[in-house]
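Structure record follows, encoded as structure tokens.
Numbering (our numbering), first residue to last: 34 to 639.
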């Protein structure tokens, strides 16, 4: 039995260093999950790690196209400015807004606020007194940053045609719809937007209405907000009244009215929602527009979305340039009022194959495996389950919502049925999908399925043991997930992933490849960095003793694959209700079987 005092000290040191996740994996083999003292220690460390500030070890992805930078002195005089900053803002020394933000940064260390650009458009700006230790240094094109310089960052994704086009592509807009959408970001009304792109007002109106339906919104303000969110592949964030007061100079009451108006409510609707007189709301609206420098709800929505995202970016430890590899196409659909994200690797002519991600990885398909799948005639689709990545959390029953989301994804590409390759805890979703839509399932395959809690096989790897402990202590699921979310800085994630792949020499060799590790890190950052509701909800499904329901014979045959180098003798009983089920051991396979056993996987999927 390990000395709990020394192990506890090591874990506490890891929390202080901002790397508790890797330390958990290191410590796990030395501990006994049946010892109450051990459980108390894990609860203490998990809850402490969940409270780590995002600036300790959290990463965020951002496309540099959304940013412009300038280094200025204490009088806002430029030391060095990027060409984009000059184009957007001109000389910061001539901007009263830049002067104000520089003064705030010098007094408080950092500040976020609004500024009017060269074209008269209001944008969001971040000012930081000392940029030498900030996450922005990986993106700001300045070497040898002076410690006494103030860094100004303009965040305006809607000013980039490339990012707006990406948002349009994510929503599946037609070329005309995309042109109208981009024009609406700047034009004062639809007539001006239509004239700017050379089409009639009615043609533009029809295109805008179609685009809004695809975005799942009713108002132009909501549509602009959705476009801003998607232009940097960020999920919609909740407006925080204190943040709006700080960045926009609004009162608490004005902040509440601003959020209501930005969501597309009329003055009368906002008054009813907030319990105010309509004239009071109109008065607050005038004050909000005057203080923010805009006069339309959709501009207000754009500013609120940008402020929320900029505040998130400014509070992280690392900013990662967001670069999608060739062939990866993120798509967003709106079904039953919820946003559902999935990656469609194509080609459109291939046989649909739904690939399930795990609890913390699997959003991205390894390049060698993807090439083999496409060569075999498959169209790989990776839906992000409720609460994972950019998909909204489930509002009701998790498994039913996840199954409905998958049906909506297949509907969106016109697929009647699909092959399924599920894994880990996601198998509960795909079995539920098969129960609800048996005719839409074609020879499903499950890899290393998470065994129902009541079966309790001996865990073969540290992460399996940790997950098993969480199911026995469901109150720790959320703080543990929060700990993982706050461990998305690249170096912290790399350490955790290397430890998770350390049991098998083959996995160690594969993960030693820098390209493989880079994709794994990016994969996990995208799946967990913005929210943990999916991780929590999916674990709670198993904590409530979920077991597979009986399925119709036409859903089979089912194949269950285990990594032979990690799994002991599998227990077939939990899966006995799957029609025509067979069990296959991938000899020598470990955690990274999608890299090491590609030919065998393809043969089993076929």
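Think of the CB as a built atom: it goes at the ideal place given N, C-alpha and C, for glycine as much as any other residue.
If you're wondering where the values come from, they're calculated on a predicted model, not measured in any experiment.
8 Å Cβ cutoff met for residue i and residue j
| i | j | result |
| --- | --- | --- |
| residue 640 | residue 337 | This structure gives no information on residue 640, because the portion of the chain shown stretches from 34 to 639. |
| residue 523 | residue 625 | no |
| residue 574 | residue 461 | yes |
| residue 92 | residue 521 | yes |
| residue 412 | residue 386 | yes |
| residue 99 | residue 193 | yes |
| residue 244 | residue 210 | yes |
| residue 571 | residue 431 | yes |
| residue 376 | residue 454 | no |
| residue 619 | residue 594 | yes |
| residue 111 | residue 126 | yes |
| residue 578 | residue 483 | no |
| residue 135 | residue 107 | yes |
| residue 307 | residue 290 | yes |
| residue 417 | residue 249 | no |
| residue 217 | residue 183 | no |
| residue 191 | residue 122 | no |
| residue 355 | residue 94 | yes |
| residue 201 | residue 214 | yes |
| residue 488 | residue 401 | no |
| residue 348 | residue 88 | yes |
| residue 150 | residue 133 | no |
| residue 90 | residue 350 | yes |
Inter-residue Cα distance where the pair is residue i and residue j
| i | j | result |
| --- | --- | --- |
| residue 557 | residue 353 | 13 Å |
| residue 326 | residue 157 | 12 Å |
| residue 535 | residue 144 | 43 Å |
| residue 510 | residue 76 | 10 Å |
| residue 313 | residue 563 | 36 Å |
| residue 605 | residue 615 | 9 Å |
| residue 506 | residue 580 | 19 Å |
| residue 206 | residue 381 | 17 Å |
| residue 637 | residue 601 | 20 Å |
| residue 333 | residue 148 | 13 Å |
| residue 310 | residue 331 | 23 Å |
| residue 83 | residue 529 | 16 Å |
Close-in-space but distant-in-sequence residues of the same chain around residue i (CB under 7 Å, 5 per side omitted)
| i | result |
| --- | --- |
| residue 199 | 264 |
| residue 81 | 48 |
| residue 527 | 550 and 554 |
| residue 409 | 635 and 639 |
| residue 41 | 74 |
| residue 293 | 303, 306 and 307 |
| residue 420 | 426, 427, 564, 566, 567 and 570 |
| residue 344 | 145 and 276 |
| residue 247 | 204, 205 and 206 |
| residue 318 | 290, 294 and 300 |
Contacts around residue i, its chain only, beta-carbon distance under 8 Å, and the 5 residues preceding and following it disregarded
| i | result |
| --- | --- |
| residue 113 | 103, 104 and 175 |
| residue 590 | 476, 612, 613, 614 and 615 |
| residue 428 | 371 and 434 |
Burial state of residue i (16 or more Cβ within 10 Å)
| i | result |
| --- | --- |
| residue 86 | exposed |
| residue 519 | buried |
| residue 52 | buried |
| residue 288 | buried |
| residue 165 | exposed |
| residue 212 | buried |
| residue 167 | buried |
| residue 55 | buried |
| residue 131 | buried |
| residue 39 | exposed |
| residue 233 | exposed |
| residue 251 | exposed |
| residue 222 | exposed |
Spatial neighbours of residue i in its chain, beta-carbon cut-off 6 Å, leaving aside the 5 residues before and after
| i | result |
| --- | --- |
| residue 329 | none |
| residue 585 | 471 |
| residue 540 | 534, 623, 624 and 625 |
| residue 384 | 410 and 411 |
| residue 474 | 467 and 588 |
| residue 78 | 44 |
*Does the segment 327–341 come close enough to the segment 380–396 that 3 or more CB-CB pairs lie under 8 Å?*
In short, these stretches do not touch, since the Cβ pair count stays below three.
*Do three or more CB pairs link the segment 236–252 to the segment 272–284 at distances below 8 Å?*
In short, these stretches do not touch, since the Cβ pair count stays below three.
*Evaluate the contact criterion for the segment 440–451 versus the segment 465–474: three or more CB pairs, one atom per stretch, below 8 Å.*
The count of Cβ pairs closer than 8 Å, one atom from the segment 440–451 and one from the segment 465–474, reaches three, so the stretches are in contact.
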